[in-house]
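Protein chains in written order, with the working numbering: chain A, 114 to 221; chain B, 114 to 221.
Number of protein chains: 2
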Amino acid sequence: MDENQTLENFVLELRRGALILAVMSQLQSEQYGYSLMKTLADNGLEIDQGTLYPLLRRLEAQGLLVSSWRIDDPRPRRYYTLNDNGKRLLSKLKEEWKKLTNTIDNLL
Amino acid sequence: MDENQTLENFVLELRRGALILAVMSQLQSEQYGYSLMKTLADNGLEIDQGTLYPLLRRLEAQGLLVSSWRIDDPRPRRYYTLNDNGKRLLSKLKEEWKKLTNTIDNLL
C-alpha cells in the first residue's frame with residue numbers, strides 16, 4: 114500500500130474527532146459557515162464545506178446548536194451558535210481532550 | 114437525543130484516531146496483545162480486544178508491523194512490533210499529533 118496514502122488516512126482519522134471539538138469551540142460566539150472555516154484555516158485546520166456543513170447539521174440535529182438566517186449584505190447568511198446544551202457538552206469534551214492528550218503524551 | 118450518549122459518541126470519535134498513535138507508540142518494542150492492552154489501560158486508555166486485534170491486523174496488512182507466535186509458558190503468544198516502515202510512519206504521525214494538539218489548544 115502507498116505509504117503517503119496510509120499516513121494521509123491516519124492523519125485524517127486523527128483529525129476527525131478533534132474537528133468536532135474545534136468547531137464547537139468556535140461556536141461559543143455566533144459564526145456563519147465561511148467565517149468558521151476561515152478561523153479554523155487560520156489556525157492550521159483546513160476543513161472543506163463537504164465536511165463542515167454536515168457536521169453543523171449533525172450538531173443541530175443533536176440539539177447542541179441553534180442557527181438562523183440573517184439578511185446580510187451582500188447575501189443572506191446562516192449563523193450558528195451553541196445553545197446551553199452545546200456549551201455544557203463542549204466543556205465536558207474539553208476535559209476529555211485534556212485527559213486524552215495527557216495520556217498520549219505520556220505514551221509517546 | 115440522550116445527552117450522555119452524545120457525549121459518549123463524541124469521546125469515542127475523539128479517541129479513535131489517537132488510538133492508532135497510542136498503539137503504534139507502544140509497538141516500538143515487542144508486545145503481545147494482553148501486555149499492550151494492559152500498558153494502555155495503565156495509562157488511562159481502555160481498549161477492548163474487539164478494537165485492538167482488528168487494529169493490529171490492519172497495521173500488519175498495511176506493512177507497518179511484523180508479528181510472530183512464540184511458545185511462552187503457559188501458552189503461545191503472538192508478539193507484535195513495528196518494522197522500519199511503521200517506525201517511520203509513527204514519527205510522522207507524532208509530528209502531526211503535535212501540530213493538531215497545538216491547533217486545538219489555541220482554539221480552546
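C-beta atoms are modelled at their ideal positions from N, C-alpha and C, and glycine is treated no differently.
In this structure, Leu-213 of chain B places its C-beta atom within 8 angstroms of the C-beta atom of Leu-127 of chain A. Counting along the chain, Leu-178 of chain B sits inside no alpha helix (DSSP H); it lies in the beta strand (DSSP E) bounded by residues 178 to 184. Residue state for Arg-190 of chain B is assigned as strand, using DSSP reduced to three classes. Here DSSP, grouped into helix, strand and coil, assigns Leu-221 of chain A to coil. With a cutoff of 8 angstroms on beta-carbon distance, Gly-130 of chain A and Gly-130 of chain B are scored as near each other. Gln-139 of chain A sits in a helix when the DSSP states are folded into three classes.
Leu-195 of chain B carries a strand assignment under DSSP once its states are collapsed to helix, strand and coil. Only Gln-175, Gly-176 from the segment 162 to 182 of chain A bring a Cβ to less than 7 angstroms from some Cβ of chain B.
Within the same chain, and ignoring the five residues on either side of Arg-183 of chain B in sequence, the residues whose Cβ sits closer than 7 angstroms to its Cβ are Pro-189, Arg-190, Tyr-192.
Gly-199 of chain B sits buried, since 16 or more C-beta atoms from the chains shown fall within 10 Å of its C-beta.
For a Cβ distance threshold of 7 angstroms, residue set Thr-216 of chain B lies close to Leu-158 of chain A, ordered along the chain. Taken in chain order, the members of the segment 136 to 154 of chain A whose beta-carbon sits within less than 7 angstroms of a beta-carbon on chain B are Ser-138, Gln-139. Contact holds between the segment 201 to 212 of chain B and the segment 130 to 146 of chain B, because three or more Cβ pairs, one in each stretch, are under 8 angstroms apart.
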